[in-house]
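**Q** Below you'll find the structure I mean.
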Amino acid sequence: MTYQVPEFVPEFICDRKQQQAVTLQLPTGTSFYGTGEVSGQLERTGKRIFTWNTDAWGYGPETTSLYQSHPWVLALLPDGRALGVLADTTRRCEIDLREGSTIKFSAAAVYPVITFGPFASPTEVLVSFSHAIGTIFMPPKWSLGYHQCRWSYEPDAKVLEVQPS
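Those letters in the sequence shown? Residues 93 to 257, by the numbering used here.
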């Protein structure tokens with residue numbers, strides 16, 4: 093059996109207060125995406141995000157913590173490959189993407205960090221990720237739209253406004 097040494101290895105630091113920081117240094121020019129439900133642009137390079145479910149009524153473009161917390165980063169490497177990184181924690185987690193091409197997760201308590209890839213494309217990263225965490229069940233096609241069928245639009249001319257022809 094042969095073992096492949098990971099190309100990118102996270103560095104773990106844990107202080108006396110059980111605060112863990114995990115840093116992953118990637119090549120210069122890496123761009124970052126992901127980090128759960130956050131307002132603003134899809135690209136997260138240069139941002140600091142907090143994954144902590146918040147009922148952020150009236151949120152704005154700089155709100156960094158909304159309704160879904162996913163301590164997950166999708167990194168697009170300069171050579172075109174992609175890498176995924178998951179901090180497996182339910183705690184409040186800081187994802188710091190402000191320092192060069194470095195991913196830094198910080199959260200209370202010890203937690204594992206799982207890397208996916210690098211792979212040839214973001215799609216391959218997401219397939220590997222979904223194999224690890226699972227996917228949602230899709231209902232039968234006939235059930236989609238049932239709610240609209242029940243309530244419909246009043247009057248029926250409204251339907252044509254939504255979907256002409």
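Heads up, the beta-carbon is just placed ideally off N, CA and C, and yes, glycines get one too.
#1: Using CA atoms only, rank isn't needed, just tell me which of A179, P256, T215 and E246 is closest to G116.
#2: Name the DSSP bridge partner or partners of K196?
#3: In three-state DSSP terms, what is L252?
#4: With distance defined between alpha-carbon atoms, name the residue in L175, Q96, Q111 and L118 nearest to R190.
#5: For the alpha helix (DSSP H) that L218 lies in, which residues bound it at each end?
#6: Roughly how many angstroms lie between the CA atoms of Q96 and F221, to the nearest whole one?
#7: Across which residues does DSSP place T122 in a beta bridge pair?
#8: Where does W234 fall in DSSP's three states?
#9: For a test of the three-state rule: what should DSSP assign to G209, helix, strand or coil?
#10: Using a Cβ-Cβ cut-off of 6 Å (strictly less than) and excluding sequence neighbours within five positions of G128, which residues of its own chain qualify?
#11: Are the region 203-210 and the region 147-158 in contact at 8 Å, needing three or more beta carbon pairs?
#12: For Q112, does the count of other Cβ atoms within 10 angstroms reach 16, so buried, or fall short, so exposed?
#13: Within 10 Å of its beta-carbon, does W164 have 16 or more other beta-carbons around it, so buried, or fewer, so exposed?
#14: Since A174 sits in a beta bridge, which residues does DSSP pair it with?
#15: Which two residues bound the contiguous beta strand (DSSP E) that contains I141?
**A** Considering the structure as presented:
#1: The sequence given here has Leu at residue 116, not Gly. Minimum Cα distance to L116 is reached at A179.
#2: T115 and D188
#3: L252 falls in the helix class under three-state DSSP.
#4: L118
#5: P214 to I225
#6: 19 Å
#7: T122 pairs with nothing; no bridge assigned.
#8: helix
#9: strand
#10: T143, Q160, S161 and H162
#11: no
#12: buried
#13: Of the residues assessed, W164 falls on the buried side of the cut-off, its CB having 16 or more other CB atoms within 10 angstroms.
#14: L168 and F211
#15: R140 to T143
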